[in-house]
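Protein chains in written order, with the numbering used here: chain A, 1 to 462; chain B, 1001 to 1462.
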């Protein structure tokens, strides 16, 4: 085994430029899923991936349509039925680059500066996807795959995978596997490998406010109508108190409390206030009293406003009372909250708190429950072993604040658990301007996955 | 006199198309003062006006530079020193057309539908300016001007006339006159002529909030940083209570109460809740208890938020905690409040109420005190007489909610009072999409001003 691993690693060393070239190609595609005008780029990206899979030795490939964006399927099961089958998960869609003027480089023209690769998707997750694919390429080019592989690469992750539910029911057989490898997570620092065993859910809404029938002059009508921005401000301001406690009715009723042992594990991570101050650049931290920052992110539900717009936002003054105001807001959920109950709570909050002088509407944009996976499964233990072999350090186990709905979908529909890890770093600025990936971590990530494909095939823990 | 008035009116009847052609020309110029990219259009508009003044018999004209946008000066004092000199005020700049997608026509391609002329500036105030100029044109073409006229046509009204203060000090002599005729106001209905004797002041600010150093992923960091939109919402929500009472410290301390006779006059206007519901299309009204809507608009100070923007505002969800949030807000002021004191009050409010976890900054965009003029002056009484002659109804006297800083500037710097009236209607949608002017009112307005130029020359009240 060691010999084959070394050969594959040598292949990587000798083909770094080729791999970077491919990475640059995929990062140049503007596969933004949240805005329908990028549909052609979504299509182009799925086609790019299919042809790339063929190139690296995934002999069966298909582009499968969904209600919205296609899923790329791939399969190489030449290792034989006695070997485990891994379903590799990935997504090729990315977040919008906004606010565009805060980028120091072009978001879709990748650029390496000081060994950091800057581009939208560099870390989340085209770069991570290329980690898994490069490992396949290296092994196929040197000795042949020791495990059976299937690939599920979707184009809707950044909008909450709305089509995936139905899609997975339809293609249950095609995607059957022993477990899922999902590298859409990250490490807590560039020397500390990390396995995620819990994820928060997400319920995302838009609040629409309508006041007067058309924009009004604030001099001629200021004093007789309820200003929609003011109404929206009052509504939003009341949703979270000054300690970060969400004020939707019964919001915390179903929240699973952290166990003592989980609290101890989180404590060991050693992520203190200073760590988060440095990561965020915030003046000071904010959040529920009685919980550490890591507990608040991983195991407590939160509510954030993600966008707001109304009235005149150009240069200079415009004395208008706008007719409408819109906010986007989302709650991160923990076990055992459900997005449906949260929607009910939000509607009840609105009924109680929205001023009577305005009309309002709530639109739900996405809805995914939280999930917890078993950190003691065979596949996860095996992954931990590979992480330790390459990084010289036992991984830590984390409940993470983000939401990866696909993990829950695959658990519920395919009955398959995920190994959730990855090589993103907290300061990769995913979803933000100047997203980047640390290339040292990228290459070491490939080494880890090469090790893992062999490691799982040798079934050390079976 | 009657003969000369009739001739001038006949001239108008015979030249309606020419006048509309000129009006269409000026309305096609995108002279938006709040956005510096329209500077060339501002320049073009000032040049168009200068050449038009020449055409209608204003023999001396100049384009005078200011710190920002040029003032067009015009003069015809051939009536002789024994006749009064009127300084005609106008502005050629307009509000931005945003939100542009709510226009049913192109804002800078004027269109007449059912005798309503749709265009940005149709009512505020290129249309009104053309009322004054068309009257000059008609008289010059038929009998010659019975009064001396000067014109002051500025390009900064919609941004609070920031350069005008200094400019008027510099050109005090040039703009000396007996009184100012300012048609930048309107009528309360299309059958009720109106004279405005009081205007609210305006203090306009931007509130800038900064939280984390860059946009953050709301999953990875939701629970540890104060969301800037939430911070801004709390700040704005606290500024006005549920009855519209402004919560800035000492905000009402200097407010001049309405006198009993003013309250009686306002009552006589008969503008009830239904009137304002119809004008605004609001579900129900809002504002200080104990005051009628007209009192609240004309004689009580108010605070409105005019714009807000932060985070992701495109289609679909984006799970971001934005780094920054911005709101535009303005207070309408009444005698004896001052913009400077309001700024102090706002800063004090921010110091007390802004969450400690964020940074904030206040920028002042404009600053103008309220004003009251004498409704019993010779010039105003004379104007009332002309209104009654043409409209068959005594004008009503109004304290209006808008701000026309120039009136105060001219009072303070030139020592000249203004006759403030005009032919805009409450449903002209000024500052809003689908701004329009009623052409019946426009033609009757010209007739009124023709009457007035003769009326004041005959000095009925002297």
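Where is the CB? At the ideal position from N, CA and C, for every residue including glycine. All values derive from a computational prediction rather than experimental measurement.
{"query": "Give me whichever residues DSSP pairs with residue 207 (chain A) in a beta bridge.", "result": "A:327 and A:362"}
{"query": "Just how far apart, CA to CA, sit residue 1435 (chain B) and residue 130 (chain A)?", "result": "55 Å"}
{"query": "May I ask which residues mark the beginning and end of the beta strand (DSSP E) holding residue 437 (chain A)?", "result": "436-438"}
{"query": "For a quick check, are the C-beta atoms of residue 1257 (chain B) and residue 1454 (chain B) less than 8 Å apart?", "result": "no"}
{"query": "Give a yes or no on whether the minimum CB-CB distance between residue 168 (chain A) and chain B is below 8 Å.", "result": "no"}
{"query": "Quick test of your reading: residue 1248 (chain B) and residue 1346 (chain B), contact by CB under 8 Å. State the CB separation rounded to the nearest angstrom.", "result": "6 Å"}
{"query": "To the nearest angstrom, how far is the alpha carbon of residue 445 (chain A) from that of residue 5 (chain A)?", "result": "14 Å"}
{"query": "Taking only the alpha-carbon atoms, compute the straight-line gap between residue 69 (chain A) and residue 1157 (chain B) and give it to the nearest angstrom.", "result": "50 Å"}
{"query": "Please report the straight-line C-alpha distance between residue 1316 (chain B) and residue 1117 (chain B), rounded to a whole angstrom.", "result": "38 Å"}
{"query": "What are the boundary residues of the alpha helix (DSSP H) that includes residue 1164 (chain B)?", "result": "1164-1170"}
{"query": "At the 8 Å Cβ level, is residue 141 (chain A) part of the contact set with chain B, yes or no?", "result": "no"}
{"query": "Give a yes or no on whether the minimum CB-CB distance between residue 328 (chain A) and chain B is below 8 Å.", "result": "yes"}
{"query": "If we ignore side chains and look at the alpha-carbon of each, how far apart do residue 1429 (chain B) and residue 1263 (chain B) end up?", "result": "27 Å"}
{"query": "Using a cut-off of 8 Å between C-beta atoms, extract the partners of residue 221 (chain A) located in chain B.", "result": "1276, 1279, 1280, 1297 and 1401"}
{"query": "Should residue 1212 (chain B) and residue 1196 (chain B) be called a contact, given that it needs their Cβ atoms to be closer than 8 Å?", "result": "no"}
{"query": "Could you tell me the boundaries of the alpha helix (DSSP H) in which residue 1383 (chain B) lies?", "result": "1378-1391"}
{"query": "Buried or exposed: residue 1 (chain A), going by 16 or more other Cβ atoms within 10 Å of its Cβ?", "result": "exposed"}
{"query": "Which of the three DSSP states is assigned to residue 1182 (chain B) in this structure?", "result": "strand"}
{"query": "For the beta strand (DSSP E) containing residue 1066 (chain B), list its first residue and its last residue.", "result": "First-last for residue 1066 (chain B): undefined, no H or E at that position."}
{"query": "Using a beta-carbon distance cut-off of less than 9 Å, what residues from the segment 1243-1267 of chain B approach chain A?", "result": "1244"}
{"query": "Rounded to whole angstroms, what is the Cα-Cα separation between residue 105 (chain A) and residue 111 (chain A)?", "result": "7 Å"}
{"query": "By the DSSP assignment, the alpha helix (DSSP H) with residue 1018 (chain B) in it spans what residues?", "result": "1016-1027"}
{"query": "In this structure, what does DSSP give as the bridge partners for residue 1371 (chain B)?", "result": "B:1199"}
{"query": "How would you list, in chain order, the residues of chain A whose beta-carbon sits under 8 Å from the beta-carbon of residue 1311 (chain B)?", "result": "305, 306, 307, 308 and 328"}
{"query": "Would residue 1209 (chain B) and residue 1353 (chain B) be called neighbours here (beta carbons separated by less than 8 Å)?", "result": "no"}
{"query": "Can you name the residues of chain B whose CB is closer than 9 Å to the CB of residue 214 (chain A)?", "result": "1102, 1280, 1281, 1429, 1432, 1433 and 1434"}
{"query": "Is the shortest distance between the beta-carbon of residue 1040 (chain B) and the beta-carbons of chain A less than 8 Å?", "result": "no"}
{"query": "Checking contacts by CB at 8 Å: is residue 1118 (chain B) closer than that to chain A?", "result": "no"}
{"query": "Round the Cβ separation of residue 377 (chain A) and residue 417 (chain A) to the nearest angstrom and send it over; I've been treating them as touching at under 8 Å.", "result": "6 Å"}
{"query": "With 16 as the cutoff for other CB atoms within 10 Å, does residue 447 (chain A) come out buried or exposed?", "result": "buried"}
{"query": "Is residue 1046 (chain B) close to the ligand ADP? I mean its beta-carbon at under 7 Å from any heavy atom of the ligand.", "result": "The ligand ADP is not among the ligands present in this structure, which contains no ligands whatsoever."}
{"query": "Looking at chain A, is there any beta carbon in it that lies within less than 8 Å of the beta carbon of residue 1217 (chain B)?", "result": "yes"}
{"query": "Mind checking residue 184 (chain A): buried by the 16 CB within 10 Å criterion, or exposed?", "result": "buried"}
{"query": "Could you check the C-alpha separation between residue 199 (chain A) and residue 334 (chain A) for me, to the nearest Å?", "result": "7 Å"}
{"query": "Identify every run of the alpha helix (DSSP H) within the segment 1238-1324 of chain B, keeping only runs that are complete inside it and at least 4 residues long; order them along the chain.", "result": "1260-1269, 1273-1280 and 1293-1299"}
{"query": "What is the DSSP secondary structure of residue 1416 (chain B), reduced to helix, strand or coil?", "result": "coil"}
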